[in-house]
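Written below as structure tokens is the structure these notes are about.
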Amino acid sequence: MSLYRTIDPASLSLAEWHPYMIGSVIPRPIAWVTTIDEQGHPNLAPFSYFNVFSSKPPIAAFSPSTSARTGRPKDTHLNLLEVPECVIHIVPYDLAARMNITTGEYERGINEIERAGLETLPSEVVRPPRIAGTPVQMEAKVKQILPLGDNPGAGQLVLAEIVRLHLSEFILNEKGLPDPRKMDVIARLGGFWYIRLLPETIFWMKQPRNPAEVLSWHELPEDLKQSRILTAAEIGHLLAHRPPDADKLRHLPAPPDPDTLHRQIQALLPDRAAEAWMLYIQAVQSS
Ligand SMILES: Cc1cc2nc3c(=O)[nH]c(=O)nc-3n(C[C@H](O)[C@H](O)[C@H](O)COP(=O)(O)O)c2cc1C
């Protein structure tokens, strides 16, 4: 039996396929977007088909699809055709339920901001307002709306250039940059599930810029490769931190009691990989 279930999207209806789509690519950030129509009526709606795609120019994209229920474009899309400006907000946990209220398919012109009891702040460059209490607010101008199809469920990919970024003082670190440990924001998962970003669920991992900083799999001693104690993640941390005398590793004797040694190494991971390697090398050299 195969360990994977393979699905051909073309063989499924929109309703059958959509749950796989939103359940597979997780977590997805949520763009909580304000727009206005020609008359200046504001609109607020969440979109989790969303991300940023370029730093310079700073481009964000989100995708309001043609409604599967009504076959009509979303109000956000219609507003952007009239006034090609928006503010994209990141949703804090505190406003999760209010965000959910603004997803309701209200008549065009209904003010979801008032309905959800949200307060606004004026934007600097664009006309749609900002939502107070959100940690990150991006004023953006639409560069292009790319239709991804003309059937219900087809996205209309909005590419927008960020022209102002507003960051809550409460989320900044000492350098003035956003600190993820202070950003209690949410992201969308499959079904009606969400995830909340909390300090205890995030981890720090520096990118190895120089290939010499990492160990190759073939250099890893056999006992570590075949460890009954270390997890795949822990072996990854050892690989990512090349010890100073890495070229000697393969010529070292196997430890007499690998399980005990691996448990000691495990206690130092993931944060103290250099010490874990020192412990390993000392232990096998003295055996
Ligand atoms: C967390 C969340 C994420 C959503 N993501 C999308 C999305 O990416 N694309 C989409 O078309 N609708 C999405 N929806 C549904 C829209 O928010 C919903 O259709 C809303 O009524 C659109 O508002 P509008 O007609 O005022 O633009 C999402 C809803 C929620 C709650």
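Each number in the working numbering corresponds to the 1-based position in the sequence shown with 1255 added.
Just so it is clear, CB atoms sit at the ideal spot from N, CA and C, and this is done for glycine as well.
Remember, it's a predicted structure, so these values are computed and weren't measured experimentally.
query, result
"For K1503, the nearest candidate out of A1487, R1527, H1517, V1539 (CA to CA)", "V1539"
"Short Cβ contact (8 Å threshold) for P1513 with S1482", "yes"
"DSSP three-state assignment for E1293, whether helix, strand or coil", "coil"
"For M1393, three-class secondary structure by DSSP", "strand"
"Boundaries (first-last residue) of the beta strand (DSSP E) holding A1442", "1441-1443"
"P1297 and I1368 closer than 8 Å at C-beta", "yes"
"Test item: CB-CB of F1302 and P1328 under 8 Å", "no"
"beta-carbon G1359 near ligand 1 non-hydrogen atom, thresh 7 Å", "yes"
"Closer than 7 Å: L1279 CB and nearest ligand 1 heavy atom", "Contrary to the premise, residue 1279 reads as Ser rather than Leu in this sequence. It does not: the Cβ of S1279 is nowhere closer than 7 Å to a heavy atom of ligand 1."
"Presumed contact (8 Å Cβ cut-off) between L1534 and L1523, rounded CB distance", "7 Å"
"Residue from F1317, R1324, T1325, A1323 whose Cα sits closest to the Cα of T1331", "F1317"
"Alpha helix (DSSP H) segments (min. 4 residues) lying fully within the segment 1475-1507", "1477-1480, 1487-1495"
"Nearest candidate by alpha-carbon position, reference R1527, set P1498, P1274, I1386, E1374", "P1498"
"Exposure label - R1464; buried when at least 16 CB within 10 Å", "exposed"
"L1403 (DSSP reduced to helix, strand or coil)", "coil"
"Per-residue DSSP class, three states only, for R1370", "helix"
"Alpha-carbon to alpha-carbon, L1333 and N1366", "15 Å"
"Opening and closing residue of the alpha helix (DSSP H) in which Q1540 lies", "1528-1540"
"Close beta carbons around P1284, own chain, < 6 Å, minus the five adjacent residues each side", "F1305, A1442"
"Rounded C-alpha distance that separates T1261 from L1422", "42 Å"
"C-alpha gap between L1335 and S1266, whole angstroms", "33 Å"
"E1271 in three-state terms, based on DSSP", "helix"
"Assigned exposure category for H1473 - 16 Cβ within 10 Å defines buried", "exposed"
"Residue-chain proximity (A1538, chain C), Cβ-Cβ < 8 Å", "Within the model displayed, chain C is absent; a lone protein chain is all it includes."
"Cβ-based burial, A1531 [other Cβ within 10 Å; buried from 16]", "buried"
"Length of the line joining the Cα atoms of P1402 and R1370", "30 Å"
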